[in-house]
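S.K.: Here it is, the structure in full.
Numbering (my numbering), first residue to last: 26 to 178.
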């Protein structure tokens with residue numbers, strides 16, 4: 026499985042649409058936090074308070090990585106690059122020099138169409154990306170999707 030090849034742990038959320046792109050998201054679930062919650066919250070003010078250092082409201086869902094399966098690797102890189110501030114990224118691409126160089130520049134992993142690893146990217150989010158309210162909002166969208174799909178009850 027792709028998740029194992031990349032070293033990501035979690036559940037795959039296929040076709041996750043966020044910030045104008047569609048990717049397969051891999052999320053880690055905090056089941057204890059899920060039991061304490063009544064559902065996803067998308068209100069900016071509430072999420073901003075939850076991101077304060079004093080807050081004890083844990084995230085139910087954390088993004089581990091996103092994978093793009095676009096037909097053209099450049100389109101996939103563009104989609105994954107937009108989400109690089111949130112988590113690790115990977116594309117299904119080609120084993121050619123241009124693809125490897127561009128993905129290395131952005132820290133994106135490359136997989137072949139059979140799920141084999143061509144090039145390993147960075148682990149986690151972009152090095153200078155700091156956690157912010159938008160992170161929590163994206164996580165809440167993933168949480169909502171997991172509930173809608175029946176993965177969480």
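Built from N, CA and C at the ideal position, the CB exists for glycine as well.
(1) How many angstroms separate the CA atom of residue 130 from the CA atom of residue 106?
(2) I need the straight-line Cα distance from residue 118 to residue 135, nearest angstrom please.
(3) What are the uninterrupted segments assigned as alpha helix (DSSP H) that are 4 or more residues long and contained completely in the stretch 103-137, given in chain order?
(4) CB-CB under 6 angstroms to residue 141, same chain, minus the five flanking residues each way: which ones, in chain order?
(5) Nearest to residue 71 by alpha carbon, out of 175, 158, 43?
(6) Exposed or buried, residue 84, counting other C-beta atoms within 10 Å across all chains shown (16 or more means buried)?
(7) On the three-state DSSP scale, how would you describe residue 35?
(8) For residue 47, which of 34, 69, 95 has the nearest alpha-carbon?
(9) For residue 162, collect the residues of the same chain with a Cβ closer than 6 angstroms to its Cβ; drop the 5 residues on either side in sequence, then sort them by chain order.
(10) Applying the criterion that 16 or more other CB atoms from any shown protein chain within 10 Å of the CB defines a buried residue, is residue 126 buried or exposed?
(11) Take the Cβ of residue 121 as the centre, count every other Cβ of all protein chains shown within 10 Å, and call the residue buried at 16 or more, exposed below.
(12) If we count the other Cβ atoms within 10 Å of its Cβ and call it buried at 16 or more, is residue 93 buried or exposed?
(13) Go ahead and pull the three-state DSSP assignment for residue 3.
(14) Using only the alpha-carbon positions, how far apart do residue 102 and residue 115 sit?
(15) Pick out whichever of 164, 175, 50, 173 has its Cα sitting closest to the Cα of residue 104.
M.R.: Here's the rundown:
(1) As a position in the chain shown, residue 130 is number 105, starting the count at 1. As a position in the chain shown, residue 106 is number 81, starting the count at 1. The straight-line gap from Cα to Cα measures roughly 10 angstroms.
(2) The count along the chain shown starts at 1 and reaches residue 118 at position 93. The count along the chain shown starts at 1 and reaches residue 135 at position 110. Taking the straight line from one Cα to the other gives about 6 angstroms.
(3) 122-131
(4) Counted from its first residue, the chain shown places residue 141 at position 116. Same-chain partners within the cutoff: there are none.
(5) Position 46 of the chain shown, counted from the start, is the residue given in the question as residue 71. Closest by alpha carbon: 158.
(6) Numbered from its first residue, the chain shown carries residue 84 at position 59. Residue 84 comes out buried.
(7) Indexing the chain shown from 1 puts residue 35 at position 10. In this structure, residue 35 counts as coil in the three-state DSSP scheme.
(8) Translated into the one-based positions of the chain shown, residue 47 becomes position 22. Answer by Cα proximity: 95.
(9) Taking the first residue of the chain shown as position 1, residue 162 is located at position 137. Excluding sequence neighbours, residue 162 sits near 72.
(10) Your numbering for residue 126 matches position 101 in the chain shown. Residue 126 comes out exposed.
(11) Working through the chain shown from its first residue, we reach residue 121 at position 96. Residue 121 is exposed by the Cβ-count criterion.
(12) For the purposes of this step, residue 93 is taken as the residue at position 68 of the chain shown. Classification of residue 93: buried, given that the 10 Å Cβ count is 16 or more.
(13) The question about residue 3 has no answer here: the residues shown for the chain are numbered 26 through 178.
(14) For the purposes of this step, residue 102 is taken as the residue at position 77 of the chain shown. For the purposes of this step, residue 115 is taken as the residue at position 90 of the chain shown. Cα-Cα distance, rounded: 8 angstroms.
(15) Walking along the chain shown from the start, residue 104 turns up at place 79. Cα-wise, what sits closest to residue 104 is 50.
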